[in-house]
Structures are given as C-alpha cells and as structure tokens.
Amino acid sequence: MYSHVLIIREEAALHYQSNFQHFTHRFKRLWRRSRLILFIWVAWPAPADAFQGLPPTPETIWSAWNLEPSILAILIVIAWGYFRGVRRLWRRAGLGRGIHVWQAVAFSAGLLVLLAALVSPLGALGTALFSVHMLQHLLLMIVAAPLLVLGAPLLPLIWALPKPARQALGRWWRKANLVRSLWQNLSQPLLVWLLYGFTLWIWHLPALYQAALEQVVIHELEHITFFGTALLFWWVLIQPIGHRRMNYGAGVLFIFTTALHSGALGALLTFAQRPLYPIYVARAWNTTALEDQQLAGLIMWIPMGVIYLITALVLLALWLQTTEQRVRRREAAYQLSADNDPIRYY
1291 MYSHVLIIRE
1301 EAALHYQSNF
1311 QHFTHRFKRL
1321 WRRSRLILFI
1331 WVAWPAPADA
1341 FQGLPPTPET
1351 IWSAWNLEPS
1361 ILAILIVIAW
1371 GYFRGVRRLW
1381 RRAGLGRGIH
1391 VWQAVAFSAG
1401 LLVLLAALVS
1411 PLGALGTALF
1421 SVHMLQHLLL
1431 MIVAAPLLVL
1441 GAPLLPLIWA
1451 LPKPARQALG
1461 RWWRKANLVR
1471 SLWQNLSQPL
1481 LVWLLYGFTL
1491 WIWHLPALYQ
1501 AALEQVVIHE
1511 LEHITFFGTA
1521 LLFWWVLIQP
1531 IGHRRMNYGA
1541 GVLFIFTTAL
1551 HSGALGALLT
1561 FAQRPLYPIY
1571 VARAWNTTAL
1581 EDQQLAGLIM
1591 WIPMGVIYLI
1601 TALVLLALWL
1611 QTTEQRVRRR
1621 EAAYQLSADN
1631 DPIRYY
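The working numbering puts the sequence shown at residues 1291 to 1636.
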C-alpha cells in the first residue's frame, strides 16, 4: 500500500514537473520573440507631449501621430492574444466555433477604431478643436467599446494562455469569492448606468475638462474612465444571451435613458451663449470657439443619439421577437395538453 502511494506521488511530481518545464519553455520562447519589442519600447524616445506648446496647425497636423510605445504595445499584445486564442479555438473545435467569424471581424474593427482614436492625428487636433476632441470620445465610447464587446474577448484571451496558466487561472477564479462578488456587484445594470452617466457629465465640467487638456496624467485618466465605463456599459447591455443580466425590455430603457441625458448634455453645449472652455478660445483652429463648441454639442447630441437609437430599436425588435416566441411556445404547450386530455373526447 505504501509503495503504491509513493508511486502515485512520484507520478504526480513528474506530471507537475513536466507541466512546469513546458510552461517555462513556452515562456522562454515568448520572451525571445518579445525582446525586440520590449527593447524598442524602452529605447524609443518619448514623443513630444501633445498638450505642451502650441496646438497643431493645418501644415503640421499630418505629422502629429501619437506613436507612444505603451499604447502601441498594449494594442499589439491584445490583438496578438485575441487572434492566438481564436486560432486555437478554431483549430480545436472548427471554424466559427466558440467565436463566430463575425465576432472576430467586430473585434478587429474595434481595434482599428482604437487606432484611429488614440494613434492618429485626431488626438493632437483635439487639443485645438473641441469638436474633434468630442469625436475622439465618441469613437472610444460608442464605436470601439461595443465592437470590442461584440467580439467576446474573454474566451480567446484565456485560450491564448498556455494550458498550465489556463488551469491555474481557473483554480484561482473558483476560489476568488471576493473578486467574483465584487464583479457581480459592479456589473449591476443600475450601478453601471450611474457610473457611465456620472463619468460623462463630470468630465465635461469646465474645470476638469481644462485640467485634462493641460495635464497629461489627467487626460489619460479621462480616457481610461471614459473607455472603461463604456466597456462595462456595453458589456451589461449586449453581452451573450446566456449570460444576460437584463432582458431586452430593460435594455431598451437602459439605452433610452442614456440617450436622454447625453442628448441633454449635447444640447447644453450647443445652445450655450458663450464658450464654456476658455482654453479653446486661444486655440481655435480656423473657427471661433463658440462655433466649435456648438459643433461639439451637435456631435454628442445627434450622431451619438442616432447610435443609441439604433441600438434601442434592435433591442426592441429582439424583445418583441422573444416575446412572440414565448407566446407561441405557451400556445403549443397548451394545445398539446388539450390534445392529450381524454375528457375532450366524451
């Protein structure tokens, strides 16, 4: 008996040693591949801060790309992890299994929108034009965020990890009761709705908005909170049906009320009688600060409102469809029970 226990222990030790060696080998190979990227990231001279000095001019705007290595590295790692995981899933289960082709396309489009919002000259031009800065926020919050959520990134990113790491992550998640509880509370629809609306309104207070344009750290915090709350907002709204936290009817109310308060903020900016952000008065780019502010308000009011409206209509159609299917199933069940009732034949 004791010898059998020793044999089992030795086999278990060999198994874990083999897994550890496999994981170490994969890590070393990944490290060799990523050393060049890491070297470029560290050695690359940091670009001149877009918020220091004069804003870009029409002659210099196309040279104002934001090649910040940290942003590029994060986007590259996310893209690499997602498509590595998708390739593994499709190799294991078949094309379109686990992650549909349209989901991979949506995620790719979301990454491209992130590149346009964060890397293109759009960010630099946003320091001179309030309307362009508003367009950048629109791309982050209601274009890139829902596209990335539609791509269902969690499953591919987990599958991109080595098998021992996936198993370790699964064991940790099963034991992380506090983290799971925190996530469940944080993703409650009402709380998400409040966080999203609060973030949108608080950052458009003149003092905070101007501070974000003058201080890089505050500006990065602004973008992180905008994008983070937007991801949470769209995740709660359009996550896979099997994991939904609200029905379609509640989703319609969720998106409709968001359209109302964001439209109110857009109208406030559009109909203001004076510029609310003095920093743009000195940076106006071939326009007056008030006209630029009015255009920014219209961008928040109309294009954002249209996207919210389209989303609400899609949810409404799905709600009506599921309601009709539920009624038909009940009618079919009632008809079946009536057909099987022996009393009706007497």
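In this text, a Cβ means the ideal position worked out from N, Cα and C, and glycines have one as well. None of these values were measured; they are calculated from a predicted model.
Asked, Found
"Exposed or buried, which one is residue 1471 when buried takes at least 16 other CB atoms within 10 Å?", "exposed"
"Considering only the alpha carbon of each residue, which of 1580, 1571, 1550 lies closest to residue 1562?", "1580"
"Which residues in the same chain as residue 1575 place their Cβ atom closer than 6 Å to its Cβ, once the five residues preceding and following it in sequence are excluded?", "1418, 1419"
"Helix, strand or coil for residue 1385? Go by DSSP, reduced to three states.", "coil"
"Quick check on the DSSP output: the alpha helix (DSSP H) that includes residue 1499 runs from which residue to which?", "1496-1504"
"Helix, strand or coil for residue 1537, going by three-state DSSP, please let me know.", "coil"
"Put residue 1432 into one of helix, strand or coil per three-state DSSP.", "helix"
"Can you give me the C-alpha to C-alpha distance between residue 1329 and residue 1520, rounded to a whole angstrom?", "Here the model assigns residue 1329 a pLDDT of 46, short of 50, so the residue's position is not dependable, and the following value carries that caveat. If you take the alpha carbons of residue 1329 and residue 1520, they lie about 33 Å apart."
"Near residue 1483, which residues of its chain fall below 8 Å by C-beta distance, leaving aside the five closest residues on each side in sequence?", "1523, 1544, 1547, 1548"
"Should residue 1516 be labelled buried (16 or more other beta-carbon atoms within 10 Å of its own) or exposed?", "buried"
"For residue 1432, is the classification buried or exposed, using 16 other Cβ atoms within 10 angstroms of its Cβ as the cut-off for buried?", "buried"
"Does the beta-carbon of residue 1478 have 16 or more other beta-carbons within 10 angstroms, so that it is buried, or is it exposed?", "exposed"
"Based on Cα-Cα distance, which residue from 1424, 1346, 1354, 1358 lies nearest to residue 1586?", "1424"
"Return the chain-ordered ranges of every alpha helix (DSSP H) run that is complete within the region 1552-1582 and spans a minimum of 4 residues.", "none"
"May I have the straight-line CA-CA distance separating residue 1509 from residue 1569, to the nearest angstrom?", "14 Å"
"Does the beta-carbon distance from residue 1437 to residue 1394 come in below 8 Å?", "no"
"Which whole-angstrom value is the C-beta distance of residue 1434 and residue 1404, which I expect to be below 8 Å?", "5 Å"
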